[in-house]
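Chemist: A single structure is presented below for examination.
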Amino acid sequence: MSGWPAEEDLASKEEDIQVVSGRCYECHVQCGVLVHVRHGKVVKVEGDPNYVNQGALCPKGLAAMRNLYHRERLNYPLTRTRPKGEADPGWVRITWEEALDRIVAKLRQVKAEYGAHAIAIGQGTGRFTVAQHLRLKNSLGSANTIGPSHVCRGDAGTDPGGRFILTRQAWQDRL
Ligand code: SF4
532 MSGWPAEEDL
542 ASKEEDIQVV
552 SGRCYECHVQ
562 CGVLVHVRHG
572 KVVKVEGDPN
582 YVNQGALCPK
592 GLAAMRNLYH
602 RERLNYPLTR
612 TRPKGEADPG
622 WVRITWEEAL
632 DRIVAKLRQV
642 KAEYGAHAIA
652 IGQGTGRFTV
662 AQHLRLKNSL
672 GSANTIGPSH
682 VCRGDAGTDP
692 GGRFILTRQA
702 WQDRL
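Under this note's numbering, the first residue of the sequence shown carries the number 532, and numbering increases by one thereafter.
The structure is reproduced here in structure tokens:
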């Protein structure tokens with residue numbers, strides 16, 4: 532797992548730094564960023580003065596580097612080795628192949644026992660992956676999608692029964 536860059540890495544050595552133009556993906560807006568990279572490691576993120584945000588970034592965008600290098604960032608699949616409810620889950624690293632095999636097996640089991648509509652595809656705010664989520668949902672045969680709008684805003688205002696909606700109707704209204 533990557534660690535937070537050491538102080539000497541963060542020190543200014545302009546001659547080693549490559550500045551890469553990009554977009555902040557911490558929310559939908561995608562402000563323009565200039566990413567300073569030294570020897571393959573990001574050492575600074577700042578707003579791009581030549582993009583529509585005119586060099587400004589919100590605190591979330593400015594802190595994006597912390598997401599990248601946070602010591603608790605999840606960079607590979609883990610599985611628990613102790614029952615749910617125990618204070619220590621006993622996390623153990625597994626391969627991506629094993630993780631995907633387990634997920635597929637579980638989805639097949641749920642579908643066989645309860646039907647495809649027992650499965651809902653959930654996501655956070657969109658990062659241009661909505662089409663993939665809908666495709667997965669469609670290939671599973673489920674009509675159910677959950678997004679942040681169904682938990683904290685948007686449809687909550689039109690739902691007299693509460694704040695949480697499984698969204699066959701909500702998505703049909705949008706498509
Ligand atoms: S800088 Fe802030 S507003 Fe801009 S894309 Fe990143 S998170 Fe969104």
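Ideal Cβ placement from N, Cα and C applies to all residues, glycine included.
Determine the closest residue to P580 out of C589, G592, V564, R569, with distance taken between C-alpha atoms.
Modeler: On the sequence shown, position 49 is the one that residue 580 refers to. Checking every option, the nearest Cα to that of P580 belongs to V564.
Chemist: Helix, strand or coil: how does DSSP classify H648 here?
Modeler: One-based indexing of the sequence shown puts residue 648 at position 117. When DSSP states are grouped into helix, strand and coil, H648 belongs to the helix group.
Chemist: Could you spell out the range, first to last residue, of the beta strand (DSSP E) harbouring L565?
Modeler: The sequence position of residue 565 within the sequence shown is 34, counting from 1. Note, L565: beta strand (DSSP E), 563–569.
Chemist: Give every residue whose Cβ lies closer than 5 angstroms to any heavy atom of the ligand SF4, listed in chain order.
Modeler: After applying the 5 angstroms Cβ criterion, the set is C555, E557, C558, V560, C562, L588, C589, K591, G592.
Chemist: Going by C-alpha distance, which of P608, Q663, I634, T676 is nearest V623?
Modeler: Here residue 623 corresponds to residue number 92 of the sequence shown, with the count starting at 1. That would be P608, whose Cα lies nearest to the Cα of V623.
Chemist: Express the C-alpha separation of V576 and D547 in angstroms, rounding to a whole number.
Modeler: Walking along the sequence shown from the start, residue 547 turns up at place 16. Walking along the sequence shown from the start, residue 576 turns up at place 45. Cα to Cα, D547 sits roughly 16 angstroms from V576.
Chemist: Decide yes or no for the touch test of the stretch 591–607 against the stretch 615–622: beta carbon pairs closer than 8 angstroms, at least 3 of them.
Modeler: The stretch 591–607 vs the stretch 615–622: no contact.
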